[in-house]
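Mapping of the sequence shown onto full-length UniProt numbering: position 55 corresponds to residue 55, and the numbering continues sequentially without gaps. Each residue gets a CB set at the ideal place from its N, CA and C atoms; glycine is no exception. Here the structure is a predicted model, which is why all the values come from computation and not from measurement.
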Amino acid sequence: MDWPSRKGLSPEIQQREFRELLDVHSGAGFNSVIVQVRAAADAFYAKSPEPWSEWLMGRQGQPPYPFYDPLEFMIKEAHSRNLEFHAWLNLDRATYSPKSSIIPTHISRHKPEWLITFEGKKLFNLGIPEVRTYIAGIMANVVRQYDVDGIHFDDYFYPYSAPNQILGDELTYRAYNNGMNIHDWRRDNVDKLILQLRDSIRTIKPKIKFGISPFGVWRNQKEDPQGSATVAGVTSYGTLYADTRKWIREGWIDYVAPQVYFDTEFERVPFRTLVDWWTQNKGNRHLYIGMAAYRVGQPHPRDKAWLRPGQMPIQLRHMRSREQVSGSIFFSAHSIFSNPLGIRDSLRNDFFRYPAMIPTMPWKDNIAPLPPRDLKVAALEEGIELFWQPSAKAPDGDRARYYALYRFSDQQEQRIDDPRNIIAICSGEYTTRFLDKAVEPKKRYTYVVTAFDRLHNESLGTAIPSPIQAL
1 MDWPSRKGLS PEIQQREFRE LLDVHSGAGF NSVIVQVRAA ADAFYAKSPE PWSEWLMGRQ
61 GQPPYPFYDP LEFMIKEAHS RNLEFHAWLN LDRATYSPKS SIIPTHISRH KPEWLITFEG
121 KKLFNLGIPE VRTYIAGIMA NVVRQYDVDG IHFDDYFYPY SAPNQILGDE LTYRAYNNGM
181 NIHDWRRDNV DKLILQLRDS IRTIKPKIKF GISPFGVWRN QKEDPQGSAT VAGVTSYGTL
241 YADTRKWIRE GWIDYVAPQV YFDTEFERVP FRTLVDWWTQ NKGNRHLYIG MAAYRVGQPH
301 PRDKAWLRPG QMPIQLRHMR SREQVSGSIF FSAHSIFSNP LGIRDSLRND FFRYPAMIPT
361 MPWKDNIAPL PPRDLKVAAL EEGIELFWQP SAKAPDGDRA RYYALYRFSD QQEQRIDDPR
421 NIIAICSGEY TTRFLDKAVE PKKRYTYVVT AFDRLHNESL GTAIPSPIQA L
């Protein structure tokens, strides 16, 4: 929906559009992007056993011409702006509709027995062990071949209910049920897949993050005393067969980003109620709140508060009042880009005014990098220029991924835990130099530079030997 803006664009236009999206989001204060790279058993990247996606050049199997690898390009562009890049893969869908562009080598042609038809789409039958192994292998290939920071799945496991539609996995159930009822069996299938995905990441690149953005309601309280005080017609547990509460509490995933796509006045599923439930059920993993940027300014008969400019700020303030919440994820990028009701302005000028360092994951890496070396500072007419040498390898072999630059006036307390003191974040892969133009003449400053590794552990600071005076 966000990129490319339409099928068949030239690689030059595709790249320009993606750079524009990154520039807008980076300029608004975002620190990560989640980008779909597998939409329907296809690929937005070159190193894949599945065919090129039709959403790139207009026809499935057709590579970009002139050739480039979109995923390599996107990762490089994101990292150059110091944005984390999470590869988002669709898990269940093999085709969009009977009209989808399908080539002979597509999985739906040579493994039709792996698929079920639901609402005209071909979906993977997750009850078949070989299907789960296949999906895990596709994901593992991305982890192995590309420098992604995370792997991301959303709410599609088993499909949402639809009128007059039957899932059609009864024969598979009879073959593999192990004495479970069909509902528990489906949940067990998804559990097994989640564990396969987790184990693959841990084996190949254990520092890659694994996150899921499920439907916001796990279970209603009327169905389970442990559920939320909501009255949702759909639940992740009962409708989609995804036991998301178990995954995060058991530590199977590194973060959960429930889609709390409801306004604060929606009585059946109030935003605050659902956020507070998740804060009590996240275990010791990260909780990011999935926020419905796409609904801002859009009329809806049940959720009228989205027409008010203050709705998203209300949600952000509530979320930030809960220390158990580690951040937020906005859907979708186009909604931030188009800025309905000034939402992007609100983020840039208020909520995201100062940089937010991505929270650490000590269960994956708790060793800080070594500090940068040989910091030098020079006073120039244009400002104050800083140079430093890259950090040496830390005990775990990590080098610095990026650096934070803090500036303090002569009488100011030197606190690096206050983001207001950050003047720049520099990608270590691209620069170890910074020119500070925002200085006042004849004023004395002290600078501190710290290093961060891939998982955002921060080193001790390196400071200049004595304060320097601007010209």
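- The DSSP assignment places complete alpha helix (DSSP H) segments of no fewer than 4 residues inside the region 174-208 at 182-204, in order along the chain.
- Assignment of alpha helix (DSSP H) within the region 329-399, counting only whole runs of 4 or more residues, yields 333-338 and 343-346 in chain order.
- When secondary structure is reduced to three states using DSSP, residue 53 falls in the coil class, being assigned neither helix nor strand.
- Within the model, the alpha-carbon separation for residue 91 versus residue 156 is close to 7 Å.
- Pairing residue 42 with residue 49 gives a Cβ-Cβ distance that is not under 7 Å.
- Straight-line measurement puts the Cα of residue 258 at about 21 Å from the Cα of residue 304.
- When C-alpha distances from residue 421 are compared across 428, 447, 57 and 433, the shortest belongs to 447.
- DSSP, reduced to helix, strand and coil, places residue 3 outside both helices and strands of the structure shown, so it counts as coil.
- Annotation: residue 271 is outside any beta strand (DSSP E); the continuous alpha helix (DSSP H) that includes it extends over 271-279.
- Taking every protein chain shown into account, the CB of residue 363 has fewer than 16 other CB atoms within 10 angstroms, so this residue is exposed.
- By the criterion of at least three beta-carbon pairs nearer than 8 Å, the region 172-186 is not in contact with the region 139-148.
- Setting aside the 5 residues that flank it on each side, residue 449 is surrounded in the same chain by 372, 375, 388, 403, 405 and 462, each with a C-beta closer than 6 Å to its C-beta; the list follows chain order.
- In the three-state DSSP reduction, residue 72 falls in the helix class (H, G or I).
- Under DSSP, residue 291 shares a beta bridge with 330.
- Judged by DSSP in its simplified three-state form, residue 18 adopts helix.
- Inter-segment contact for the region 327-340 and the region 294-303 is present: three or more beta-carbon pairs are separated by less than 8 Å.
- Inter-segment contact for the region 112-126 and the region 84-98 is present: three or more beta-carbon pairs are separated by less than 8 Å.
- For residue 36, the enclosing beta strand (DSSP E) begins and ends at 32-38.
- The alpha-carbon of residue 311 is positioned some 10 Å away from that of residue 317.
- When DSSP assignments are scanned along the region 97-149, the uninterrupted stretches of alpha helix (DSSP H) that are 4 or more residues long and fall wholly within it turn out to be 107-110 and 129-145.
- Residues 7, 8, 63, 64 and 65 of the same chain have their beta carbon placed closer than 8 Å to that of residue 57, with the five preceding and five following residues left out of the count.
- Under a 10 Å Cβ-count criterion, residue 85 is classified as buried, with 16 or more other Cβ atoms of the shown protein chains found around its own Cβ.
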